[in-house]
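Participant: Just add 89 to the spot in the sequence shown (first one is 1) and you have the working numbering.
Ideal Cβ positions, reconstructed from N, Cα and C, are used throughout, including at glycine.
The structure displayed is predicted, hence computed values, not measured ones.
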Amino acid sequence: MINTVLDQASGLRRMNQNGNHGVKVIAVTGGKGGVGKTNVSLNTAIALGQQGNRVLVLDADLGLANCDVMLGLRVEKNLSHVLSGECELDEILVEGPAGIKIVPATSGSQNMVELTPAEHAGLIRAFSELNTEFDILIVDTAAGISDMVLSFSRAAQDVMVVVCDEPTSITDAYALIKVLSREHGVYRFKIVANMVRSLREGQELFAKLSKVTDRFLDVALELVATIPFDENMRKSSRRQKTIVELFPNSPAAVAFRGLAGKAVKWPIPHQPSGHLEFFIEQLVNG
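1. Between N283, S270, A314, V171, which has its C-alpha nearest G122's C-alpha?
2. May I ask whether a heavy atom of the ligand SAM can be found less than 8 Å away from the beta carbon of A349?
3. Which partner residues does M249 have in the DSSP bridge list?
4. I need the DSSP call for T205, collapsed to helix, strand or coil.
5. Report buried or exposed for S287, applying the criterion of at least 16 other Cβ atoms within 10 angstroms of its Cβ.
6. Please determine, among I332, S339, A231, the residue with the shortest C-alpha to C-alpha distance to T133.
7. So what's D229 in DSSP terms, helix, strand or just coil?
8. Tell me which residues share the same chain as D261 and place their Cβ nearer than 6 Å to its Cβ, disregarding the 5 neighbours each side in the sequence.
9. Please classify D254: does DSSP put it in a helix, a strand, or coil?
10. Straight-line CA distance for L219 to G174?
11. Using a Cβ-Cβ cut-off of 7 Å (strictly less than) and excluding sequence neighbours within five positions of T257, which residues of its own chain qualify?
12. How would you write the range of the beta strand (DSSP E) that E311 sits in, first residue to last?
13. Do the segment 232–240 and the segment 261–272 touch if we need at least three Cβ pairs shorter than 8 Å?
14. Check whether the segment 344–353 and the segment 308–317 are in contact - that is, three or more C-beta pairs closer than 8 Å.
15. Let me know the alpha helix (DSSP H) ranges lying completely inside the segment 137–176, each 4 residues or longer, listed in chain order.
16. Once DSSP output is grouped into helix, strand and coil, what is the label at E290?
17. Per DSSP, what kind of secondary structure is I259 in: helix, strand or coil?
18. Pull up the distance between the alpha-carbon of M322 and that of I280, whole angstroms please.
19. What residue from K166, L131, N167 has the CA that sits closest to L226's CA?
20. Is V146 closer than 9 Å to V112 when the C-beta atoms are compared?
21. Note down, in chain order, each residue of its chain lying with its Cβ closer than 6 Å to the Cβ of F241, except the 5 sequence neighbours on either side.
22. Hey, is L348's beta-carbon within less than 9 Å of any beta-carbon in chain B?
23. What is the DSSP secondary structure of I112, counted as helix, strand or coil?
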């Protein structure tokens, strides 16, 4: 198994040395469900696409995928077909707004939530053989702190935690940050205050979370966006569109474009942290 995993790692390194060198990997997570994580992922991705970036979105909620549904896209095959050997990863990519590409996962499949080590290796191999070139990979993780969420977050260069002004959201975001920092060596987190009533409310929300992490954890938090509550978000969702498409001048759309403008400037580490080397450490250690 170790040799197989090392083969996958070398394949991914070759990919980064060739067409996909310098891929920026951003994991979007949140601890609890209902904080608008997928909305943040898709709106940021489309805003990045509108700015001329080649963007790939991996729907990493492997058992309850919904990126394709939220964008009204027709999906014929998904990651389960790749892992079963029926097709290659390039064959399942679906094009979304602004030219972004989506890697669709399955919905309602417990098997995809509990991948075996061999299936983990298959997922790595699928990415190592990806021919489509892109600049930024956005990984929309599942809710909670499952092994899958932690693996994707640990593999990314930047972890973006979406939080709302609710006690459960703050508590769950703290729990996620705690596990990633203490058990997986992730010490820097980018915070998105979502669905806030004002910039001040977003800053106060960030202050609440920072107060707890400063007291108990050795981590660095950065507030990278405050996304205002916007009625146009609900209107967009009903039409299976994003707010940056339908209402580009709305407050939330402006905030997402600002977040995209920041994200594209985040540096890509010289060390191979992220760069699509998903699960390598976990598989080798296992």
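Facilitator: Taking the geometry as given:
1. Locating residue 122 in the sequence shown gives position 33, counting from the first residue. It is N283 whose Cα lies nearest to the Cα of G122.
2. Summarising the ligand content, the structure contains no ligands, and the ligand SAM is consequently not present.
3. On the sequence shown, position 160 is the one that residue 249 refers to. Its beta-bridge partners are V117, K279.
4. Here residue 205 corresponds to residue number 116 of the sequence shown, with the count starting at 1. Reduced to three states, the DSSP call for T205 is coil.
5. Looking up residue 287 in the sequence shown gives position 198. Counting Cβ neighbours within 10 Å, S287 comes out exposed, since fewer than 16 surround it.
6. As a working note, residue 133 is residue 44 in the sequence shown. The residue with the shortest Cα to Cα distance from T133 is I332.
7. The sequence position of residue 229 within the sequence shown is 140, counting from 1. Here D229 sits in strand by DSSP.
8. Along the sequence shown, one-based indexing puts residue 261 at 172. Residues G120, K121 of the same chain have their beta carbon placed closer than 6 Å to that of D261, with the five preceding and five following residues left out of the count.
9. Against the sequence shown, residue 254 aligns to sequence position 165. In this structure, D254 counts as coil in the three-state DSSP scheme.
10. Taking the first residue of the sequence shown as 1, we reach residue 219 at position 130. Taking the first residue of the sequence shown as 1, we reach residue 174 at position 85. Going by C-alpha positions, L219 is about 14 Å away from G174.
11. Stepping through the sequence shown from its first residue, residue 257 is reached at position 168. Within the same chain, T257 has close Cβ partners K121.
12. Against the sequence shown, residue 311 aligns to sequence position 222. Element bounds for E311: 309–317.
13. Taking a contact to require three or more Cβ pairs closer than 8 Å, the segment 232–240 and the segment 261–272 qualify as touching.
14. yes
15. 156–159, 168–172
16. Stepping through the sequence shown from its first residue, residue 290 is reached at position 201. Three-state result, E290: helix.
17. Reading the sequence shown from its first residue, position 170 is the one you call residue 259. Correct three-state label for I259: helix.
18. As a first step, residue 322 is located in the sequence shown; it is residue number 233 there, counting from the start. As a first step, residue 280 is located in the sequence shown; it is residue number 191 there, counting from the start. Cα-Cα distance, rounded: 20 Å.
19. Translated into positions along the sequence shown, residue 226 becomes position 137. Nearest of K166, L131, N167 to L226, Cα basis: L131.
20. Locating residue 112 in the sequence shown gives position 23, counting from the first residue. Locating residue 146 in the sequence shown gives position 57, counting from the first residue. For V112 and V146, no; Cβs fall outside 9 Å.
21. Numbered from its first residue, the sequence shown carries residue 241 at position 152. Only A116, A149, V228, T230 meet the Cβ criterion.
22. In the displayed structure, chain B is absent; only one protein chain is listed.
23. Counting from one through the sequence shown, the residue named residue 112 turns up at place 23. The sequence given here places Val at residue 112; Ile does not occur at that position. In the structure shown, V112 sits in coil (DSSP, three-state: anything other than H, G, I, E or B).
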